[in-house]
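Q:
Protein chains: 2
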Amino acid sequence: MAHPRRPALVHPEAADLTLYAVLHALADPTRLIIVRTLRNDLERACGTFPVSVAPSTLTHHFRVLREAGVIHQREEGNRRWTTLRYDELEARFPGVIDTVLRAAPA
Amino acid sequence: MAHPRRPALVHPEAADLTLYAVLHALADPTRLIIVRTLRNDLERACGTFPVSVAPSTLTHHFRVLREAGVIHQREEGNRRWTTLRYDELEARFPGVIDTVLRAAPA
DNA sequence: ACACTCGTACGACGATCATCGAAAGGAAAG
DNA sequence: CTTTCCTTTCGATGATCGTCGTACGAGTGT
Chain A
1 MAHPRRPALV
11 HPEAADLTLY
21 AVLHALADPT
31 RLIIVRTLRN
41 DLERACGTFP
51 VSVAPSTLTH
61 HFRVLREAGV
71 IHQREEGNRR
81 WTTLRYDELE
91 ARFPGVIDTV
101 LRAAPA
Chain B
1001 MAHPRRPALV
1011 HPEAADLTLY
1021 AVLHALADPT
1031 RLIIVRTLRN
1041 DLERACGTFP
1051 VSVAPSTLTH
1061 HFRVLREAGV
1071 IHQREEGNRR
1081 WTTLRYDELE
1091 ARFPGVIDTV
1101 LRAAPA
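Those sequence lines, one after another, are chains A and B.
With the working numbering applied, the first sequence covers 1 to 106.
With the working numbering applied, the second sequence covers 1001 to 1106.
1) Name, in chain order, the residues that DSSP records as bridge partners for H1072/B.
2) Take the Cβ of T1099/B as the centre, count every other Cβ of all protein chains shown within 10 Å, and call the residue buried at 16 or more, exposed below.
3) Could one say the Cβ of H11/A lies closer than 8 Å to chain B's Cβ atoms, at least one of them?
4) How far does the beta strand (DSSP E) with E1045/B in it reach, from first residue to last?
5) Considering T18/A, what are the terminal residues of the alpha helix (DSSP H) in which it resides?
6) Using a beta-carbon distance below 8 Å, is D1028/B in contact with chain A?
7) Step through the CB atoms of chain B and report whether any lies within less than 8 Å of the CB of V64/A.
8) Below 8 Å on the Cβ atoms is my contact criterion, and I expect T83/A with L38/A to pass it. Report the Cβ-Cβ distance as a whole number of Å.
9) Looking at A1054/B and L1025/B, is the spacing between their C-beta atoms short of 8 Å?
10) Could you pull out every residue in the same chain whose Cβ sits closer than 6 Å to the Cβ of H61/A, ignoring the five residues on either side in sequence?
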């Protein structure tokens, strides 16, 4: 029994986010693609992001983003739906997401 | 003869900067203190930053910032003077520095 | 029941990280 | 010349990172 039950998804409170964790989460090409995609489309399933890494690597990046408070994930049947915690990030670190996305390569 | 001559300080061209390296450089409390200090005061000597790490650790952080293109350093006698490459950063990644500094804890 | 899909958990790998102490260089001051 | 000061290089440490293959669990659909 490797994983007896899917562990509950942990999302830090908005007040507990640190700028360092957010910046570190954004400082990676694959994760920045994820964030930019979510900034355009509201919600997406894990497998539908235009990235080119192995599935297990993608899971790792989602965890980094989730634990930094950048994304929110909810489960629905077989899929895991992901959204950007844009409003909370904007309230806590105003302008950071959009400024970084605007500076990021296309 | 450990270091026969002080190696010339390497500063990347503004066009060669990557957002990932800049974000990674900013994603550290000590380095963010350095950047904020330089945003206020134009130029400072290495030893005059309000940080609490060992001198050799400080040298490491300056190298990370320098190689990411965030700061510029010049030697003068015994001291090494450091400046923020603000105009170049602003031209390449508009708003990133100030937005991050505004979001950073005091 | 069966196969298929979606996404994860568990190692494992080499690479990089932040930190420090010790030693040393060069410059300045005595 | 000798001492002191500023900052570096080197080497080491333990931690974390990004990547992947493999195995698996839970849902979906036939």
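Even glycine gets a Cβ: it sits at the ideal position worked out from N, Cα and C.
Keep in mind the model is a prediction, meaning the values are calculated, not measured.
A: This is what the structure holds:
1) Here residue 1072/B refers to the residue found at position 72 when the second sequence is read from its first residue. Beta-bridge pairing links H1072/B to T1083/B.
2) Stepping through the second sequence from its first residue, residue 1099/B is reached at position 99. The residue is buried, with at least 16 neighbouring Cβ atoms inside 10 Å.
3) What you label residue 11/A is simply residue 11 of the first sequence in a count that begins at 1. Taking 8 Å as the CB threshold, H11/A stays off the interface with chain B.
4) Translated into positions along the second sequence, residue 1045/B becomes position 45. Just to set this straight, residue 1045/B is Ala in the shown sequence, not Glu. Note, A1045/B: beta strand (DSSP E), E1043 to A1045.
5) Taking the first sequence and counting its residues from 1, the one referred to as residue 18/A is at position 18. Counting along the chain, T18/A falls outside any alpha helix (DSSP H), and DSSP gives it neither H nor E.
6) Counted from its first residue, the second sequence places residue 1028/B at position 28. So yes, D1028/B belongs to the interface.
7) To locate residue 64/A, count along the first sequence from 1; it is residue 64. No, V64/A does not count as interfacial toward chain B.
8) Counted from its first residue, the first sequence places residue 83/A at position 83. Counted from its first residue, the first sequence places residue 38/A at position 38. With 8 Å as the limit, T83/A and L38/A qualify as a contact, their Cβ atoms being about 6 Å apart.
9) On the second sequence, position 25 is the one that residue 1025/B refers to. On the second sequence, position 54 is the one that residue 1054/B refers to. Before going on, a small fix: residue 1025/B reads as Ala here, not Leu. The answer is no: Cβ separation not under 8 Å.
10) Residue mapping note: residue 61/A aligns to position 61 of the first sequence, counting from 1. T30 and R31, listed in sequence order.
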